[in-house]
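The structure appears below as structure tokens.
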Amino acid sequence: MMKKTAKFMLSMVATAVAMSSLPVMAEEQKDGISIGGAVRVNYAYRHYDESHKDKLGDLDFDMAAIKFNGKKGDWGLAAEYRFTAGSNYIKSGYGYYDIDPNWQLQFGINKVPFGNPEFISNSWWFGLPYYLGFEDNHDVGIKASYDNNGWNTDIAFYKKPVYSATENKRYSASLFSGEINGTEYHNEETNGVNFRQTYTSEYEGGSTTFGGSVQYGQIYNSETGNMGDRYAVALHLDSTYKGWNLQLQAMQYEYDAADSADDNKIGIAVVSWQYEIASKGQAYSANIAKTFATDFGSVKCYNDFGLMTPDVADDSYDNSMQNVTGCAISAGATYTMVDFILGKNMTFSTANNDHVGLPEIGDDWDKRININFGYYF
8 MMKKTAKFML
18 SMVATAVAMS
28 SLPVMAEEQK
38 DGISIGGAVR
48 VNYAYRHYDE
58 SHKDKLGDLD
68 FDMAAIKFNG
78 KKGDWGLAAE
88 YRFTAGSNYI
98 KSGYGYYDID
108 PNWQLQFGIN
118 KVPFGNPEFI
128 SNSWWFGLPY
138 YLGFEDNHDV
148 GIKASYDNNG
158 WNTDIAFYKK
168 PVYSATENKR
178 YSASLFSGEI
188 NGTEYHNEET
198 NGVNFRQTYT
208 SEYEGGSTTF
218 GGSVQYGQIY
228 NSETGNMGDR
238 YAVALHLDST
248 YKGWNLQLQA
258 MQYEYDAADS
268 ADDNKIGIAV
278 VSWQYEIASK
288 GQAYSANIAK
298 TFATDFGSVK
308 CYNDFGLMTP
318 DVADDSYDNS
328 MQNVTGCAIS
338 AGATYTMVDF
348 ILGKNMTFST
358 ANNDHVGLPE
368 IGDDWDKRIN
378 INFGYYF
């Protein structure tokens, strides 16, 4: 049975996607600060969970979020905090300075520039790279962004993740220090450097953004004091034409931890849960979507597919896959996502495989339905 903390993780996925797609109504303050947020509820039906079959699923409070945005002159502030039924955590919180019309400097908890600039997903569940630590990740550091004539450059340095490595209460997936399935991990992410370059070509009916990303950082072993390292590279494309959207991404990553108990795997944590992933591998994403205008707003229907192929010494490690077919409905201040999820050897979307890229238990695609409704203010 899927762990109950999965619904906490899914709540922040929904809010991140929806807040990027839906204009958020906010109360303007005289000092330039705007306040907004969201409240969400969630219906889940897990086909592999007998209790869900008996009860015809569950309906729960999902989450509430509050956002602050403000600017005075060339200086600005942006922050967001989340509350769920069993946890609370900061997603982002940073100050920024507009050096000139093309350059902006951000300092604090900001979004790591890696992969497709927005999301490599349309659905409530994010793409598979999210579960490896490479989508909508937020760390503590400084980032410089350049934007001019279609060219966008991001250069960043991150000292550490938002929360301690021993704390699993966090928005972004990052390395975990503690015991998982009998293996003890002592890893802490530190001193990360990121570079991303994209170019956007605009044409009648749409635009195409293509580019590449590079990430390098260190892994500190808190037990031995030794350093390992980590890297990731990606090529990505995001193209729109007359309501259609195509997203493609291919990436390679490796976590090379010092003094590891098992070099084939490493521990990851996100929003009140921890699990293991293959320490080295590739991840491929292919998503397609179509947005339809309606009298009440819009409807976006999509299919998001992700594949992870482990590249470790242990030949028993298996591929992980996730496919999400769904529609997102925007109407006024509401945003609703209806998703049908298929998972194979994939954490959060399968019954018995709470990992990514490790040896598979069984050989089945698990299925679930999720409906998430949110009101934004």
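Our numbering numbers the first residue of the sequence shown as 8 and each following residue consecutively.
Glycine is no exception: its CB is placed at the ideal position from the N, C-alpha and C atoms.
{"Asked": "Rounded separation between residue 189 and residue 365 - CA only", "Found": "15 Å"}
{"Asked": "3 or more residues per run - each beta strand (DSSP E) lying fully within the stretch 84-117", "Found": "95-105"}
{"Asked": "Simplified DSSP state of residue 60, which is helix, strand or coil", "Found": "helix"}
{"Asked": "N- and C-terminal bounds of the beta strand (DSSP E) containing residue 145", "Found": "145-155"}
{"Asked": "Residue 378 beta carbon less than 9 Å from that of residue 354", "Found": "no"}
{"Asked": "Three-state secondary structure (DSSP) of residue 365", "Found": "coil"}
{"Asked": "Spatial distance of residue 166 from residue 305 (CA atoms)", "Found": "40 Å"}
{"Asked": "Short Cβ contact (9 Å threshold) for residue 214 with residue 241", "Found": "no"}
{"Asked": "Cβ-Cβ distance between residue 256 and residue 285 below 9 Å", "Found": "no"}
{"Asked": "Stretch-stretch touch, CB-based, cutoff 8 Å, three pairs: the stretch 167-179 with the stretch 265-278", "Found": "yes"}
{"Asked": "Pair within 9 Å by beta-carbon distance, residue 205 and residue 251", "Found": "no"}
{"Asked": "Whether residue 65 touches residue 52 by CB criterion (9 Å)", "Found": "yes"}
{"Asked": "Pairwise C-alpha distance: residue 337 and residue 33", "Found": "In this predicted model, residue 33 has a pLDDT of only 38, less than 50, meaning its place in the structure is not dependable enough to derive any value."}
{"Asked": "Residues of its chain near residue 71, where Cβ-Cβ distance is below 6 Å and the 5 sequence neighbours each way are ignored", "Found": "46 and 90"}
{"Asked": "For residue 161 and residue 136, believed in contact at Cβ under 8 Å, the rounded distance", "Found": "That pair is no contact at about 17 Å."}
{"Asked": "Extent of the continuous beta strand (DSSP E) to which residue 200 belongs", "Found": "190-210"}
{"Asked": "Status (buried if at least 16 other CB within 10 Å, exposed otherwise) for residue 82", "Found": "exposed"}
{"Asked": "Cβ neighbour criterion (16 or more within 10 Å) applied to residue 292", "Found": "buried"}
{"Asked": "Nearest neighbour of residue 106, chosen from 87, 80 and 99 [CA to CA]", "Found": "80"}
{"Asked": "Whole-angstrom distance between residue 340 and residue 30, CA atom to CA atom", "Found": "Below a pLDDT of 50, predicted positions are generally treated as unreliable, and residue 30, at 41, falls in that range; the measurement from the model is reported next regardless. When rounded, the distance between both Cα atoms is 8 Å."}
{"Asked": "Same chain, Cβ closer than 6 Å to residue 296, neighbours up to 5 away in sequence not counted", "Found": "129, 252, 307 and 309"}
{"Asked": "Start and end residues, beta strand (DSSP E) containing residue 172", "Found": "Residue 172 -> no beta strand (DSSP E), and no H or E assigned at all."}
{"Asked": "Extent of the continuous beta strand (DSSP E) run through residue 311", "Found": "304-317"}
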